[in-house]
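Heads up: the structure comes next, in structure tokens.
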Amino acid sequence: MTTLNPSTALAPLVCVIDFHHARGPEVEAWIGLENGEDPAADHDWPLLPFMALSDGAHASTEDYSYFTLRRSATPSHAATSLFGISCTRQLPASELIDRPADVTRSTVQKAVVVVTDSPQHFGAIKAQLGVVTAAWFAQRDFTDIEILQRFHESLPRLLENQEGQIEHYFGISLRELIHEFKWQTLVLFKCALLQRKVLFFGSHCERLCMMQFALISLIPGLMRHLQDSADPAFNSAEEKTVMPTSLKTSERSSLLAYMGLPLQLFGKGSLFGPYTPLQQLDMLADANTKAYIVGSTNSLLLQQKDRYSDILINLDDHTVNITSTSLRQASILSTPDRRWIDFLTQTVNDTWDETNPARPKDHGYTGSEEFIRMQFEEYLLAMLSSVKYKLYMEKHPSQQPLMPEVHGDPASEFSNDWVHAWMQTENFRIWNSFTDSHLFDIVDPKHPCSGGLSVEDVQRRLAAQVAELHLDERLEKSREVIGERVAAGQAKVSTAYNKLWADIEAMRKAQRERQEEQKAAAEKLRLEQEKEGKVPEPAGKWKAQGPDLSNARASAGAYFSSWGSWASEKRKGWGNRSVSANQSPATSPHPGDVKRAEEFQRDKGTSLDGSTLHSSSGYSSHKRIASYDETTDGEKSNDGGVFFDAEVAEQERNAWRA
4 MTTLNPSTAL
14 APLVCVIDFH
24 HARGPEVEAW
34 IGLENGEDPA
44 ADHDWPLLPF
54 MALSDGAHAS
64 TEDYSYFTLR
74 RSATPSHAAT
84 SLFGISCTRQ
94 LPASELIDRP
104 ADVTRSTVQK
114 AVVVVTDSPQ
124 HFGAIKAQLG
134 VVTAAWFAQR
144 DFTDIEILQR
154 FHESLPRLLE
164 NQEGQIEHYF
174 GISLRELIHE
184 FKWQTLVLFK
194 CALLQRKVLF
204 FGSHCERLCM
214 MQFALISLIP
224 GLMRHLQDSA
234 DPAFNSAEEK
244 TVMPTSLKTS
254 ERSSLLAYMG
264 LPLQLFGKGS
274 LFGPYTPLQQ
284 LDMLADANTK
294 AYIVGSTNSL
304 LLQQKDRYSD
314 ILINLDDHTV
324 NITSTSLRQA
334 SILSTPDRRW
344 IDFLTQTVND
354 TWDETNPARP
364 KDHGYTGSEE
374 FIRMQFEEYL
384 LAMLSSVKYK
394 LYMEKHPSQQ
404 PLMPEVHGDP
414 ASEFSNDWVH
424 AWMQTENFRI
434 WNSFTDSHLF
444 DIVDPKHPCS
454 GGLSVEDVQR
464 RLAAQVAELH
474 LDERLEKSRE
484 VIGERVAAGQ
494 AKVSTAYNKL
504 WADIEAMRKA
514 QRERQEEQKA
524 AAEKLRLEQE
534 KEGKVPEPAG
544 KWKAQGPDLS
554 NARASAGAYF
564 SSWGSWASEK
574 RKGWGNRSVS
584 ANQSPATSPH
594 PGDVKRAEEF
604 QRDKGTSLDG
614 STLHSSSGYS
624 SHKRIASYDE
634 TTDGEKSNDG
644 GVFFDAEVAE
654 QERNAWRA
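Remember, the numbering used here sits 3 above the position in the sequence shown when you count from 1.
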């Protein structure tokens, strides 16, 4: 799409905003204008002082604020949007060279403001504005404004020099944006295209505003077409848009215009306010305000987020909260979407440099700002082409597919819920009205990362989720704590070991000293005994004692006496068992018992028939043996039998004693 410029160029304006202790923020002076001229009154800018001095600016030495202003229509130009940037600083009142009487607070807070018709060159303006404001405060005399006048005079030349250069993008580094929000960066991008109520919150005003500029800069050409962003009633973009009739594929700008870019996010019913003070909440709550992207540093909006936002991005705690149910469903990323943004996030993380976040650590193209913009541009063009193909096939359902290589609905890979929601927006209506129906002939209607869910997708998501848990940081802290504990434990163990070893050495030393003392005493005693004529025995020599025969005889007698008593008791017991056996029927011995008895007799030198065998001892043992056959009435007596005879044993013992 081609948009005609509806207004003439505006010369940059410079003013000073002062925070009065009684009246609050107010315009102190306009620089470079004749006395009596007041653009704030001419264009109805009552909120300019509140936009320039943001809430919480007193908490920092220097801060910047970015905002939009409405320029009223005049006979020479149409109504349009203007853009302001302010640099706020503060100085202790005691350091002023000439302290005015109305300065009653301990600090003086002022802001130098530049108002221009485009935010495209805010980067160059900010660099000059910060230096000028710091130099003005360093004078410690705010009545001397010569440096501000010279700055105002140099602005037209500064902007003119910027026009001939390549396109400059303003805002926070896209690498920082992706590194901070990761896959949610694509969620923010797609929510912005849906033209809903997007609210950014953060305590640091400059970062708050730059984050929003970075987001909208992802839509090619939008930074140069924000003429309708300051007021929901503006709609000049649609009124001045014409359909392109030619295409030069060799020129990127011609291709983007033919594809319908930039998408008009801020047209009728929409508002863009990088910093929006509380005094502007009435415009946000107005029924004619359907969508906006705004930022606030006041925490009161957090308490009313359901009223003022469909999606809230809290930059202080790095969270994205979607309060609208319909938007939550539409913002769910498809599998190709997630694969695409995960690839981009991984590329940024692989080339991340903490010392210089804006540039890859290898200073290459992959992962750079231009690389990221090209990826988003490719994604956006593929989405537009896929939607056009979807619309064409729905309009001609009976025809054969124009592109056989395209299977099904390629727009579904961008999420059917999101595509359906986007087709209800104003920017879609304008885009569809001013673009050719066969855009898919120029750009392939295919998602950059088309395809279903794969194992690699699951692994990549798991790795990303583990990384989001910051396990490395937590484990690093744990390792540090464990290391400290181990070191402390080692110190304690070493101390205890050293103390124990010292105690052992002390004991050894004391023992050696005692031994030396004992040795010296023994030597002294030996010398004294030698003097007295006694021969002392060597110390420590063992002397064997002579045997005590009387004690030995007594011990042996006691032993044999106890053995004899035990044998007598056993004999009585066997006799009782023999009497009991006589009362029972006689039984023949078992053949096995007879055989064992014969073997026993042979071993002892006696046969079962009473014959005597001479043993090596030289005496007869027939008294101890009785024939088995001599047992009368089948009795089996123990006397003279093959078993143990206590009486004979007693006689032998007495003989041995004699």
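We put the beta carbon where it would ideally sit given N, CA and C, even for glycine.
{"Check": "Taking the alpha helix (DSSP H) that K129 falls in, what are its first and last residues?", "Outcome": "F125 to A141"}
{"Check": "Can you tell which of V190, L191, P360 and V117 has its C-alpha closest to the C-alpha of P159?", "Outcome": "V117"}
{"Check": "Tell whether a beta-carbon distance below 8 Å holds between T697 and T369.", "Outcome": "Look at the range of the chain in this structure, 4 to 661, and you will see that residue 697 is not part of it."}
{"Check": "Evaluate T438 with the Cβ neighbour count: other Cβ atoms within 10 Å of its Cβ, from every protein chain shown; 16 or more gives buried, anything less gives exposed.", "Outcome": "buried"}
{"Check": "Can you tell me where the alpha helix (DSSP H) holding P52 begins and where it ends?", "Outcome": "L51 to A55"}
{"Check": "Touch check for the stretch 413-428 and the stretch 310-327: three-plus C-beta pairs under 8 Å?", "Outcome": "no"}
{"Check": "Within its chain, find whatever has a CB closer than 8 Å to the CB of T146; leave out the 5 residues flanking it on each side and keep chain order.", "Outcome": "D101"}
{"Check": "Please classify S57 as buried or exposed, where buried requires at least 16 other C-beta atoms within 10 Å of its C-beta.", "Outcome": "buried"}
{"Check": "For A542, collect the residues of the same chain with a Cβ closer than 7 Å to its Cβ; drop the 5 residues on either side in sequence, then sort them by chain order.", "Outcome": "Only weak support is given to the placement of A542: the predicted model assigns it a pLDDT of 45, under 50, and the value that follows is read from those uncertain coordinates. Here the set comprises A525."}
{"Check": "Drop a sphere of 10 angstroms on the beta-carbon of K502, count the other beta-carbons inside from all chains shown, and report buried for 16 or more, exposed for fewer.", "Outcome": "exposed"}
{"Check": "Tell me L394's beta-bridge partners as DSSP assigns them.", "Outcome": "According to DSSP, L394 bridges with nothing at all."}
{"Check": "With H, G and I counted as helix, E and B as strand and the rest as coil, what does DSSP make of C18?", "Outcome": "strand"}
{"Check": "Count the other CB atoms, across all protein chains shown, that sit within 10 Å of the CB of A44; report buried if there are 16 or more and exposed otherwise.", "Outcome": "exposed"}
{"Check": "Please report how far the alpha carbon of L180 lies from the alpha carbon of T188, in whole angstroms.", "Outcome": "7 Å"}
{"Check": "What first and last residue would you give for the beta strand (DSSP E) that runs through L315?", "Outcome": "I314 to N317"}
{"Check": "Compute the Euclidean distance between the alpha carbons of E183 and I175, then round it to the nearest angstrom.", "Outcome": "11 Å"}
{"Check": "Quick one: complete beta strand (DSSP E) runs, 3+ long, within the stretch 50-97?", "Outcome": "65-74 and 83-95"}
{"Check": "Report the three-state DSSP secondary structure of L264 (helix, strand or coil).", "Outcome": "coil"}
{"Check": "Give, in chain order, every unbroken run of the alpha helix (DSSP H) that is at least 4 residues long and sits entirely within the stretch 208-292.", "Outcome": "208-219, 239-243, 255-261 and 284-288"}
{"Check": "Under 8 Å Cβ to Cβ from P360, same chain only, skipping five residues before and after it: list those, please.", "Outcome": "S176, R178, E179 and H182"}
{"Check": "Assuming L229 and T300 make a contact with CB atoms under 8 Å, what is their CB distance in whole Å?", "Outcome": "In fact, because the Cβ distance is near 22 Å, the residues do not count as touching under 8 Å."}
{"Check": "Give me, in chain order, the residues of the same chain whose beta-carbon lies closer than 8 Å to that of R143; leave out the 5 immediate sequence neighbours on both sides.", "Outcome": "L94, E98, L99 and I100"}
{"Check": "Does DSSP put G298 in a helix, in a strand, or in coil?", "Outcome": "strand"}
{"Check": "Start and end of the alpha helix (DSSP H) containing T348?", "Outcome": "T338 to D353"}
{"Check": "Could you check how far apart the C-beta atoms of Y278 and C208 are, in whole angstroms? I think they sit under 8 Å.", "Outcome": "6 Å"}
{"Check": "Within the same chain, show all residues whose beta-carbon is closer than 7 Å to that of V30, passing over the 5 residues directly before and after it, in chain order.", "Outcome": "C18, I20, A43, L51 and P52"}
{"Check": "Decide yes or no for the touch test of the stretch 216-224 against the stretch 323-341: beta carbon pairs closer than 8 Å, at least 3 of them.", "Outcome": "no"}
{"Check": "How about S89 and A114: do their beta carbons lie closer than 8 Å?", "Outcome": "yes"}
{"Check": "Going by C-alpha to C-alpha distance, which of L266, I316, A233 and Q306 sits closest to Q283?", "Outcome": "A233"}
{"Check": "Would N672 pass as a contact of F204 if the rule is Cβ separation under 8 Å?", "Outcome": "What the structure shows of the chain is the stretch from 4 to 661, and residue 672 is not part of that stretch, so it cannot be assessed."}
{"Check": "Considering only residues of the same chain and omitting the five flanking positions on each side of L250, which have a CB-CB separation below 8 Å?", "Outcome": "S257, L258, Y261 and I445"}
{"Check": "Please identify the residue among E408, E483, L387 and A491 whose C-alpha is closest to the C-alpha of S440.", "Outcome": "L387"}
{"Check": "Hey, out of S389, F154 and L305, whose CA is closest to T326's CA?", "Outcome": "L305"}
{"Check": "With distances taken from CA atoms, which of D120, H124, P122 and I150 is nearest V134?", "Outcome": "I150"}
{"Check": "Check the C-beta distance from L274 over to M286 and give it rounded, since I have them as a contact under 8 Å.", "Outcome": "7 Å"}
{"Check": "Comparing C-alpha positions only, which one of P363, G454, R341 and F374 sits nearest to H410?", "Outcome": "G454"}
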